[in-house]
Every structure is written in structure tokens, then in C-alpha cells.
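K.L.:
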Amino acid sequence: MALERLRVLRELADRGTVAAVAAALSMTPSAVSQQLKVLAREAGVALLEPDGRRVRLTDAGRALVVRADEVLAAMDRAVAEMAHYRGSPRGRVRVAVFPSGGALLLPHVLPGMVDSGVEVIARDEDVPPSEVARLLADYDVVLTHRDERAAPIADPRVVTRVLMREPIDVVAAPTHRLAGRSAVTPEELADETWLSVRGGFPVDDVLRSIATVTGVQPRIAQRLNDFRVIETLVAVGYGVALMPRYAVGHPDLAVLRLSGVRAARMYELVTRPRAEARPAIAAVLAAFESAATSATADSGTPRGKGTAARA
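Going left to right, the sequence shown walks through residues 2 to 312 as the working numbering numbers them.
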């Protein structure tokens with residue numbers, strides 16, 4: 002079976018449609034279909050079946066995709082090993098980061114990679130955990146986050162590495178009735194107006210936990226995924242919000258530890274299996290691990306006028 006045809010099959014598994022594969026590989030849809038038909042003849046078994054106006058992988062097709070991952074990863078390792086013999090790890094590594102995680106970690110990662118021989122191309126991708134695996138069609142490493150009570154991604158084509166834990170606190174205006182407190186219980190927040198992120202993201206998961214504890218559905222005034230906007234609105238008294246501790250930047254906010262609820266998000270690095278065998282990717286993973294240590298040491302004390310720094 003030809004490597005390039007295995008690559009086309011993997012792209013179909015990642016992207017879902019022949020048209021999307023064609024766009025990603027700069028091919029025509031008919032050329033993609035032809036490559037998949039040839040691969041099926043080489044495999045001696047049907048790899049695709051009709052699904053309405055589209056096609057989907059058969060059980061054999063899905064099994065071959067897993068093996069294609071292994072074969073293509075082995076080829077990547079061979080190329081990387083030859084690069085190792087030529088000197089230090091080299092190559093381009095494509096990295097996706099969620100915005101607040103990128104703001105925290107990239108300042109520690111990117112400067113250290115400048116003279117390493119590894120070119121890091123970072124892009125921000127703001128997707129919920131359920132959509133993270135699809136990003137591996139375009140990226141080598143994905144920095145993602147999830148509620149600490151949620152299970153990691155379960156997929157044989159994905160490897161997840163826990164990087165760090167970040168507590169989630171309550172933020173309020175400096176004039177808020179709770180502003181002088183170091184901690185607050187969910188029951189004390191039952192009548193508040195909230196600013197939250199879109200559904201499916203870790204902060205919203207914690208807000209739903211508060212609803213479970215109190216038995217009161219939160220009154221959510223706005224859903225915004227930019228923490229800077231949320232902070233600005235909270236600071237002028239337009240509701241309260243949950244914020245990841247290291248993302249709090251507004252100097253006037255009261256920051257309160259949330260007690261009685263497991264409130265944190267986990268940072269994770271997601272790759273294909275055995276991706277770390279490529280020295281360039283291994284170097285980037287190590288840089289993120291070091292960055293997590295540095296960033297939490299630098300940001301371990303919540304900012305703002307609350308006294309949650311002692312929590």
C-alpha cells in the first residue's frame with residue numbers, strides 16, 4: 002500500500018468528507034476518490050461505504066486508519082532520526098493553543114525555541130474539548146483544557162499528556178458585597194447575575210456544578226469567550242464571573258476562592274501516538290512542560306483586590 006494513499010485515507014478520517022480532503026491536500030475530489038479506490042484494491046477489502054450523499058469508513062477502513070497512523074509516524078521518525086544525525090532536532094512543529102493558555106505559556110515557550118533549530122508555528126484555536134481531536138488534522142501538538150472532573154479524550158488515535166492544573170475562582174467588582182472575602186460558597190452566589198463562556202468549555206462546566214449544589218439555575222446575562230471582556234464588565238459591576246486563576250489580569254477585581262465545589266481546569270497536550278519520537282516535537286513538548294512550571298510559579302498568586310491569594 003502506497004504511503005501517499007494511506008495519508009489520503011487518514012485525511013478522510015480526520016476531515017470527514019472527500020471535498021475537505023481535496024482542499025487540504027490541494028487535489029481535486031475526483032483524484033481523492035481515485036486514490037481511495039486504488040487503496041481499497043491494494044488492501045483487498047472495502048474501506049468506504051455510502052452514507053447518504055457522502056461516504057464513511059467501514060470497520061476495515063477505520064482499522065486501516067489506525068495502522069496508517071503508525072506507518073506514517075514511523076516515516077516521520079525515520080526522517081527525524083536522520084535529522085538527529087545531522088545535528089540537533091530540526092523542523093517545523095505546528096501548535097494549536099486555546100487563547101488564555103497561549104497567553105500564559107507561549108511567552109515561556111517561544112523565546113526558548115528561537116535558536117533551537119525547531120520552528121514553532123502557533124495558532125489560537127478556541128474549541129471545546131469534544132472538538133480537540135479534529136485539530137490534529139492540521140497541528141502536531143494541541144494545547145487544550147477541560148474541567149478537572151471530565152475524562153480525558155478517549156481515542157486510539159490520540160495521546161493526552163496532563164500538563165498542569167489551574168484553579169477557577171470567582172471574580173467580582175471591588176464594590177460587590179462579597180469583595181472583602183477570601184472565599185465564597187455556591188449558596189452565597191445563588192442570586193447573582195453571571196457572565197460566562199459558551200457552553201462546553203471548562204468554566205461553564207463549573208458554573209453548572211454550582212447550579213447542582215444550589216438547586217438554582219444561574220442567571221447568565223452574557224456568554225463571552227474573551228476573558229478580557231468579561232473582566233472589564235465585572236469590574237464595572239455588570240455581574241460576577243468564574244475565571245481561571247492565572248488568567249485574571251484586571252487590577253481592580255476582587256478574587257474569591259470557590260469552596261464546596263471542585264473548581265479547576267486541566268491543561269493537556271494532545272498529539273498523535275508516538276509523536277514524541279520526532280525530536281522536534283519532543284523538544285516542543287518539553288518546552289511546554291518547563292513553561293507550565295515557570296508560569297505557575299510566576300502566577301501562583303491571584304491578582305486583584307480579593308484575598309484569595311492565601312487560598
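Idealized CB from N, CA, C, for every residue including glycine.
Measuring alpha carbon to alpha carbon, tell me which of ARG258, PRO112 and ASN226 ends up nearest SER183.
P.N.:
ARG258
K.L.:
So which of ASP52, VAL230, SER197 and GLY250 has the shortest CA-CA distance to GLY17?
P.N.:
ASP52
K.L.:
I need the straight-line Cα distance from THR1 to ALA236, nearest angstrom please.
P.N.:
Coverage of the chain is limited to positions 2 through 312, which leaves residue 1 absent and any answer about it impossible.
K.L.:
Here's the rule: buried if 16 or more other CB atoms are within 10 angstroms of the residue's CB, otherwise exposed. What is VAL80?
P.N.:
exposed
K.L.:
Since ALA288 sits in a beta bridge, which residues does DSSP pair it with?
P.N.:
Bridge partners of ALA288: none, in fact.
K.L.:
Can you tell me where the alpha helix (DSSP H) with ILE211 in it begins and where it stops?
P.N.:
203–215
K.L.:
Do you know whose CA, among GLN218, ALA97, LEU254 and VAL163, lies nearest GLU149's CA?
P.N.:
VAL163
K.L.:
Is DSSP giving SER260 helix, strand or coil here?
P.N.:
coil
K.L.:
How far does the beta strand (DSSP E) with ALA218 in it extend, from its first residue to its last?
P.N.:
Note that residue 218 is Gln in the sequence shown, not Ala. Careful: GLN218 lies outside any beta strand (DSSP E) and carries neither H nor E.
K.L.:
Tell me the DSSP bridge mates of ALA97?
P.N.:
ARG124 and VAL143
K.L.:
Tell me whether the beta-carbon of ALA1 lies closer than 8 angstroms to the beta-carbon of ALA41.
P.N.:
Residue coverage of the chain in this structure runs from 2 to 312, which leaves residue 1 outside it and unanswerable.
K.L.:
Which class does MET76 belong to by DSSP, given the choice of helix, strand or coil?
P.N.:
helix
K.L.:
Relative to the C-alpha of GLY238, which residue among LEU225, VAL172 and VAL285 is closest?
P.N.:
VAL172
K.L.:
According to the neighbour-count rule (16 or more other Cβ atoms, all chains shown, within 10 Å of its Cβ), is GLU269 buried or exposed?
P.N.:
Buried, since its Cβ has 16 or more Cβ neighbours within 10 Å.
K.L.:
Between SER117 and ALA284, which are expected to be in contact by the criterion C-beta below 8 angstroms, what is the C-beta distance as a whole number of angstroms?
P.N.:
6 angstroms
K.L.:
Pick from LEU179, ILE231 and VAL198: whose alpha carbon is nearest that of LEU190?
P.N.:
LEU179
K.L.:
Our contact map puts ALA281 next to VAL94 with C-beta atoms below 8 angstroms; I'd like the distance itself, whole angstroms only.
P.N.:
5 angstroms
K.L.:
Using a Cβ-Cβ cutoff of less than 7 angstroms, which residues in the same chain neighbour ALA134 once the five nearest sequence positions on both sides are dropped?
P.N.:
ILE154, ASP156 and VAL159
K.L.:
Would VAL198 and VAL262 be called neighbours here (beta carbons separated by less than 8 angstroms)?
P.N.:
no
K.L.:
Classify GLU132 as buried or exposed, calling it buried when 16 or more other Cβ atoms lie within 10 Å of its own Cβ.
P.N.:
Sixteen is the threshold: since fewer than 16 other Cβ atoms of the shown chains lie within 10 Å of the Cβ of GLU132, the residue is exposed.
K.L.:
Could you spell out where the alpha helix (DSSP H) holding PRO153 opens and where it closes?
P.N.:
That residue, PRO153, is in no alpha helix (DSSP H); it is neither H nor E in DSSP.
K.L.:
Look at the alpha carbon of ARG246 and the alpha carbon of VAL115, and state the distance between them as a whole number of angstroms.
P.N.:
29 angstroms
K.L.:
Quick check: what's the CA-CA separation for VAL9 versus GLN36?
P.N.:
7 angstroms
K.L.:
How about ALA293 and LEU106: are their beta carbons less than 8 angstroms apart?
P.N.:
A contact, by the Cβ cut-off of 8 angstroms.
K.L.:
Only counting the same chain, and skipping five residues up and downstream in sequence, which positions put a Cβ closer than 7 angstroms to that of SER27?
P.N.:
Taken in chain order, the list of residues that qualify is empty.
K.L.:
Taking buried to mean at least 16 other C-beta atoms within 10 Å of its own C-beta, is GLY201 buried or exposed?
P.N.:
exposed
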